[in-house]
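In this note's numbering, the protein residues as written are 52 to 448.
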């Protein structure tokens, strides 16, 4: 699988100060673009990297390239951008047509903190879905306002994500979308996922990284400098456990691991009753020492009636990210006589990995019976127990 990174550095943003475009400002003595490039040039799955620059910025660009420890052969000759970001991206995509990669990662030059795990997730998401963007949970309440600043509505923030880059696509799909937009004389999309949506592609969101900030204003650079001075942050490993149980009732299916599984019984629950995702959610919350699933999603609240448990797990993962933490591993054991886990195990692992933003090898799923003992042995219900391993920044006492 060939993966190309397309770094968009053609903007003229001067809001960061110093009178030069922000992607060429120094960060801890090195141009921002050089730091951004390093993340992709050093990634083992990225086979080629191409930078799109403003025609007037060759000197800045050469300075950034010169700041790299060495010039790897995987970096392609730069190309010129256009009047808008969309045109710049299209120019970069056209320059990649001879290479014809399977996947392209489109990334803002002013985001120098894209880590290898985020790049891994971007590649896997494009491979699986074709079009995907990294997103982080929105923690503030959002208001939609009218012309007179009056509140029109308050969206449910659990359904909102703040998107980042790298945005990842199957190359043929995003190239075709850009060409169609240009043919329609549309040149002002500021986000490639929005252009992909316009072109009719189904765009999915995978777990972003709160630390993957975009440097725009002087305050952003000040914060980045502070962050880099403390780059050697130490982490403490935490383990949380979770347990969930639901009774069987009327129905013809159950939800397990984010998948709809045919069964001769249903689940009695306020939400969709997915014991695997509920146990995992509680395990993460336990590792955070942040209550339990009932604290965050009270069963007395009608908005959670019939809710997909995907949202519960995504919320818990977002809390880890909000605290600057890293989710390392999820492990679950399903306890029941039926349904059998085997035929659905890999699909469930894949779905859990997607929700949590993990690689498949970071998700374990097992099953056992209770040898006909207890309520599960009598097929009266189903249960799951889970463990979550996370790392949180160590806080001085």
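Cβ coordinates follow ideal geometry from the N, Cα and C atoms, glycine included.
Beta strand (DSSP E) segment containing residue i, residue limits
i	result
residue 432	432-444
residue 249	Premise fails: residue 249 lies in the alpha helix (DSSP H), 243-249, not in any beta strand (DSSP E).
residue 171	Looking at the DSSP string, residue 171 is not in any beta strand (DSSP E); the run it does join, the alpha helix (DSSP H), is 167-180.
residue 414	414-419
residue 52	Counting along the chain, residue 52 falls outside any beta strand (DSSP E), and DSSP gives it neither H nor E.
residue 143	First-last for residue 143: 136-146, but that is the alpha helix (DSSP H), not the beta strand (DSSP E).
residue 89	Premise fails: residue 89 lies in the alpha helix (DSSP H), 83-92, not in any beta strand (DSSP E).
residue 427	Counting along the chain, residue 427 falls outside any beta strand (DSSP E), though it belongs to the alpha helix (DSSP H) covering 425-428.
residue 307	304-307
residue 313	310-313
residue 204	202-204
residue 298	286-300
Check: residue i C-beta below 8 Å from any heavy atom of the ligand COA
i	result
residue 221	No copy of the ligand COA occurs in the structure displayed, which carries no ligand at all.
Local conformation of residue i per DSSP, three classes
i	result
residue 102	strand
residue 451	Look at the range of the chain in this structure, 52 to 448, and you will see that residue 451 is not part of it.
residue 127	coil
residue 261	coil
residue 401	helix
residue 66	Any reading at residue 66 must be qualified, since the residue scores a pLDDT of 47, below 50, and its modelled position is unreliable; no value is offered.
residue 160	coil
residue 213	strand
residue 394	helix
residue 448	Caution is warranted here: a pLDDT of 46 is assigned to residue 448, below 50, making its placement in the model unreliable, and the coordinate value is therefore given only provisionally. Residue 448: coil per DSSP, three-state reduction.
residue 154	strand
residue 193	coil
residue 266	coil
residue 229	helix
residue 234	helix
residue 61	coil
residue 409	coil
residue 252	coil
residue 224	helix
residue 132	coil
Residue range of the alpha helix (DSSP H) that includes residue i
i	result
residue 109	109-117
residue 279	269-280
residue 218	Premise fails: residue 218 lies in the beta strand (DSSP E), 218-221, not in any alpha helix (DSSP H).
Anticipated Cβ contact below 8 Å, residue i with residue j, distance rounded
i	j	result
residue 155	residue 104	With 8 Å as the limit, residue 155 and residue 104 do not qualify as a contact, their Cβ atoms being about 17 Å apart.
residue 220	residue 182	5 Å
residue 60	residue 84	6 Å
residue 365	residue 438	About 19 Å separates the two Cβ atoms, so there is no contact after all.
residue 168	residue 265	Their Cβ separation, rounded to whole angstroms, is 18 Å, which puts residue 168 and residue 265 out of contact at 8 Å.
residue 56	residue 91	4 Å
residue 273	residue 172	That belief does not hold up - the Cβ atoms of residue 273 and residue 172 are roughly 29 Å apart, past 8 Å.
residue 217	residue 250	The Cβ separation is near 19 Å, so there is no contact.
residue 227	residue 157	Actually they do not touch by this definition, with Cβ atoms about 15 Å apart.
residue 383	residue 416	5 Å
residue 302	residue 323	Going by Cβ atoms, the distance from residue 302 to residue 323 rounds to 11 Å, so no, they are not a contact pair.
residue 360	residue 412	Not a contact, Cβ separation roughly 23 Å.
residue 327	residue 435	5 Å
residue 97	residue 54	5 Å
residue 362	residue 209	6 Å
residue 304	residue 319	Actually they are not in contact, since the Cβ atoms of residue 304 and residue 319 sit about 13 Å apart, beyond 8 Å.
residue 186	residue 262	Not quite, the Cβ-Cβ distance comes to about 14 Å (not below 8 Å), so this is no contact.
residue 331	residue 293	6 Å
residue 146	residue 255	Incorrect: roughly 26 Å between the Cβ atoms, too far for contact.
residue 150	residue 99	6 Å
Inset, instruction - Decide if the region 341-353 is in contact with the region 303-315; the criterion is three or more beta carbon pairs, one per stretch, under 8 Å apart. - result: Of all C-beta pairs linking the region 341-353 to the region 303-315, fewer than three are shorter than 8 Å, placing the two stretches out of contact.
Inset, instruction - Specify whether the region 190-206 and the region 117-128 touch according to this definition: at least 3 beta carbon pairs, one from each stretch, less than 8 Å apart. - result: Contact between the region 190-206 and the region 117-128 is absent, with fewer than three C-beta pairs closer than 8 Å.
Inset, instruction - State whether the region 420-438 contacts the region 394-404, with contact taken as three or more CB pairs (one from each stretch) at a distance under 8 Å. - result: With a cut-off of 8 Å, the region 394-404 and the region 420-438 do not count as touching, because too few Cβ pairs lie within range.
Inset, instruction - Note down, one range per segment and in chain order, each alpha helix (DSSP H) of at least 4 residues found wholly within the region 319-386. - result: Runs found: 326-339, 344-347, 361-373.
Legend entry - contact_flag[the region 222-241, the region 129-139] where n(CB pairs < 8 Å) is 3 or more: Flag = yes, the region 222-241 and the region 129-139 touch.
Legend entry - Inter-stretch contact (C-beta, 8 Å, three-pair minimum) for the region 389-400 and the region 355-370: With the rule of 3 Cβ pairs closer than 8 Å, the region 389-400 does not count as touching the region 355-370.
Legend entry - Given 8 Å, three or more beta-carbon pairs between the region 377-392 and the region 315-332: In the pairwise beta carbon analysis, the region 377-392 is classified as touching the region 315-332: at least three pairs are separated by under 8 Å.
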